[in-house]
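Chemist: -5 is the number of the first residue of the sequence shown in our numbering; add one for each residue after it.
Every residue gets a Cβ at the ideal spot worked out from N, C-alpha and C, and that includes glycine.
Nothing here was measured: the structure is a model prediction, and the numbers come from that model.
Okay, handing you the structure first.
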Amino acid sequence: MGARDHNPFEDTTRTLDPARPTEEDQQPRPYLLVLAGTSVGEMHRIAKEKTIMGRGDKVDVRLVDEGISREHAQLVQQGDKVILEDLGSTNGTFCNGTRVSRQALSHGDKILLGSTTILKFSYHDKLDEMFQRQMSESALRDGLTKTFNKRYLSERLESEYTYASRHGAPLVLLFLDIDHFKKINDANGHPGGDFVLTELSKLITDTLRPEDILARYGGEEFAIISRGTSVADGETMAEKLRHLVETHAFSYENKPIRVTISVGVAGTPHPGVQSPADLIAVADEMMYEAKRSGRNRVCVRKTPQTEKTPTRSYSGE
């Protein structure tokens, strides 16, 4: 048998029967697409009889916008129609520029909630939904790790910080960096480095609460926003993640890879944090302090009363 017989480019293309969409797949279904606000690109299928929208934690469609009430408006399915109803919101509900209390929606209608959030109501079949979700993923997610991207993190941190400041609620930001990542790349190649990034992302995602935000900030650096979490609890979270990564069996092409992380923690309320930029700067500073002081550890910006011991160290490399 000659080399010609082994050339994959000489093989005959197989004839396949394409998957045919079912009648259900072709049935148009109602959706909301976020056109403007902190969750641009997100798509929500309207599947329940009543779908409540607002900034509260228990609504069906959560929208982080200070101008939106906790339970702002709802969509009610009545036969083949979808009705938009205001729920006594503070700032009102608008459809195509007009304030409404109850309005039957048509394909393409624009809904304004709060000061910055604009939603588009539309009908899509399953193929349309798949395309829209792919577009959403590319706008909000990092291509490799599927975590949120830096742009989304920045927008979300702005709104979460505004909410926390106004209500005196706690908020923490964690910055974490993979230790000696260049050595991992050098020893295992870039595919091995990509594997570590992807595996680490899955490991952390499975540990966080649904409301926590994990984003790839750049390279081997990640950030986590945790609303309603104190600095002390943020420190506990960081240590849990540090230990989880250290003890996880990373293996690429049957070769074990030792992976550890350095974590910096910053939170509000804190007199040294007056803006989202401050929160980022402090978390970043603490992360680099963790790396300078030995890696594989957690460092935290304490309150002024305990500023003399600004870091908490753990056994490192």
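Check each candidate in Val28, Glu36, Glu65, Thr254 and name the one with the smallest Cα separation from Ile46.
Modeler: One-based indexing of the sequence shown puts residue 46 at position 52. Of the listed residues, the one whose Cα sits closest to Ile46 is Glu65.
Chemist: Return the bridge partner residues of Val257 from the DSSP annotation.
Modeler: Taking the sequence shown and counting its residues from 1, the one referred to as residue 257 is at position 263. The partner list for Val257 (beta bridge, DSSP) reads Leu170, Val292.
Chemist: Pairing CB atoms from the segment 166 to 175 with CB atoms from the segment 269 to 279, are three or more of them under 8 Å?
Modeler: Note that the segment 166 to 175 touches the segment 269 to 279; at least 3 beta-carbon pairs, one per stretch, sit closer than 8 Å.
Chemist: Could you work out which residue in Thr199, Lys285, Pro204 is closest to Arg210 when comparing CA atoms only?
Modeler: Residue numbering aside, residue 210 sits at position 216 when the sequence shown is read from its first letter. The candidate whose alpha carbon is nearest that of Arg210 is Thr199.
Chemist: So the alpha helix (DSSP H) Arg236 belongs to, where does it begin and stop?
Modeler: To locate residue 236, count along the sequence shown from 1; it is residue 242. Where Arg236 is concerned, the enclosing alpha helix (DSSP H) stretches over 225 to 241.
Chemist: Tell me which residues share the same chain as Val34 and place their Cβ nearer than 7 Å to its Cβ, disregarding the 5 neighbours each side in the sequence.
Modeler: Here the question's residue 34 lines up with position 40 in the sequence shown. The answer, listed in chain order, is Val28, Ala133.
Chemist: I'd like to confirm the pairing. Which residues does DSSP put opposite Gly212 in its beta bridges?
Modeler: Taking the first residue of the sequence shown as position 1, residue 212 is located at position 218. Listed as beta-bridge partners of Gly212 by DSSP are Glu215.
Chemist: To which residues of the same chain is Lys44 closer than 6 Å at the C-beta, ignoring the five residues directly before and after it?
Modeler: For the purposes of this step, residue 44 is identified with residue 50 of the sequence shown, where counting begins at 1. For Lys44, the CB contacts under 6 Å within the same chain, skipping 5 residues up- and downstream, are Gln68, Val70 in chain order.
Chemist: For Gly31 and Thr110, what's the separation of their Cα atoms in angstroms?
Modeler: In the sequence shown, residue 31 corresponds to position 37, counting from 1. In the sequence shown, residue 110 corresponds to position 116, counting from 1. Taking the straight line from one Cα to the other gives about 5 Å.
Chemist: Only counting the same chain, and skipping five residues up and downstream in sequence, which positions put a Cβ closer than 6 Å to that of Phe216?
Modeler: Walking along the sequence shown from the start, residue 216 turns up at place 222. Here the set comprises Leu170, Arg210.
Chemist: If I follow the unbroken alpha helix (DSSP H) through Lys271, where does it start and stop?
Modeler: Counted from its first residue, the sequence shown places residue 271 at position 277. The displayed chain sequence assigns Ala, not Lys, to residue 271. Start and end: 270 to 286.
Chemist: Return the chain-ordered list of same chain residues with a C-beta closer than 7 Å to the C-beta of Pro2, the five sequence neighbours on each side being excluded.
Modeler: On the sequence shown, residue 2 is found 8 positions in, with the first residue counted as 1. Annotation note: pLDDT 49 at Pro2 (below 50); position unreliable, coordinate value reported separately. No residues qualify anywhere along the chain.
Chemist: In angstroms, rounded to a whole number, what distance separates the CA positions of His38 and Ser195?
Modeler: For the purposes of this step, residue 38 is taken as residue 44 along the sequence shown, with counting starting at 1. For the purposes of this step, residue 195 is taken as residue 201 along the sequence shown, with counting starting at 1. Going from the Cα of His38 to the Cα of Ser195 covers about 24 Å.
Chemist: Do Pro22 and Phe115 have their C-beta atoms within less than 8 Å of each other?
Modeler: In the sequence shown, counting from the first residue as 1, residue 22 sits at position 28. In the sequence shown, counting from the first residue as 1, residue 115 sits at position 121. Cβ atoms of Pro22 and Phe115: not closer than 8 Å.
Chemist: So, at 6 Å on beta carbons, what are the nonlocal neighbours of Leu99 in its own chain, with the 5 sequence-adjacent residues on each side left out?
Modeler: Locating residue 99 in the sequence shown gives position 105, counting from the first residue. For Leu99, where only same-chain residues beyond five positions count, the Cβ hits under 6 Å are Val76, Leu78, Phe115.
Chemist: Distance, Cα to Cα, Arg289 vs Lys177?
Modeler: Locating residue 289 in the sequence shown gives position 295, counting from the first residue. Locating residue 177 in the sequence shown gives position 183, counting from the first residue. When rounded, the distance between both Cα atoms is 14 Å.
Chemist: What are the start and end residues of the alpha helix (DSSP H) that includes Ala158?
Modeler: As a working note, residue 158 is residue 164 in the sequence shown. Note, Ala158: alpha helix (DSSP H), 144 to 161.
Chemist: In the DSSP assignment, the beta strand (DSSP E) including Gly48 goes from what residue to what residue?
Modeler: Stepping through the sequence shown from its first residue, residue 48 is reached at position 54. Residues 44 to 48.
Chemist: Please check the pair Glu205 and Asp51, which I expect to be a contact at CB under 8 Å, by giving their CB distance rounded to whole angstroms.
Modeler: Residue mapping note: residue 205 aligns to position 211 of the sequence shown, counting from 1. Residue mapping note: residue 51 aligns to position 57 of the sequence shown, counting from 1. Right, their Cβ atoms sit about 7 Å apart.
Chemist: For Thr243 and Arg160, I'd like the C-alpha separation in whole angstroms.
Modeler: For the purposes of this step, residue 243 is taken as residue 249 along the sequence shown, with counting starting at 1. For the purposes of this step, residue 160 is taken as residue 166 along the sequence shown, with counting starting at 1. Correcting the residue type first, residue 243 is Ala in the shown sequence and not Thr. For Ala243 and Arg160, the distance between alpha carbons rounds to 43 Å.
Chemist: Can you check which of these residues, Gly213, Glu233, Leu202, Gly212, is closest to Ser220 by C-alpha distance?
Modeler: Within the sequence shown, numbered from 1, the residue matching residue 220 stands at position 226. Closest by alpha carbon: Leu202.
Chemist: Work out the CA separation of Leu235 and Ile62 for me, nearest whole Å.
Modeler: For the purposes of this step, residue 62 is taken as the residue at position 68 of the sequence shown. For the purposes of this step, residue 235 is taken as the residue at position 241 of the sequence shown. Ile62 and Leu235: Cα-Cα distance of roughly 33 Å.
Chemist: Hey, out of Tyr117, Leu106, Met280, Asp136, whose CA is closest to Gly213's CA?
Modeler: Counting from one through the sequence shown, the residue named residue 213 turns up at place 219. Residue Asp136 is the option with its Cα nearest to Gly213.
Chemist: Which full runs of the alpha helix (DSSP H) of 4+ residues lie inside the segment 43 to 82, going along the chain?
Modeler: Counting only runs of 4 or more, we get nothing.
Chemist: What's the call for Gly102, buried or exposed, on a 16-neighbour Cβ count within 10 Å?
Modeler: Sequence index remark: in the sequence shown, residue 102 carries index 108 (1-based). Exposed, by the Cβ-count rule.
Chemist: Decide if the segment 221 to 228 is in contact with the segment 258 to 266; the criterion is three or more beta carbon pairs, one per stretch, under 8 Å apart.
Modeler: yes
Chemist: From the DSSP output, in three-state form, read off Ser245 for me.
Modeler: The count along the sequence shown starts at 1 and reaches residue 245 at position 251. Strand at Ser245.
Chemist: Buried or exposed: where does His118 fall if 16 or more other Cβ atoms within 10 Å of its Cβ makes it buried?
Modeler: Residue 118 sits at position 124 when you count from the first residue of the sequence shown. Per the 10 Å Cβ criterion, buried.
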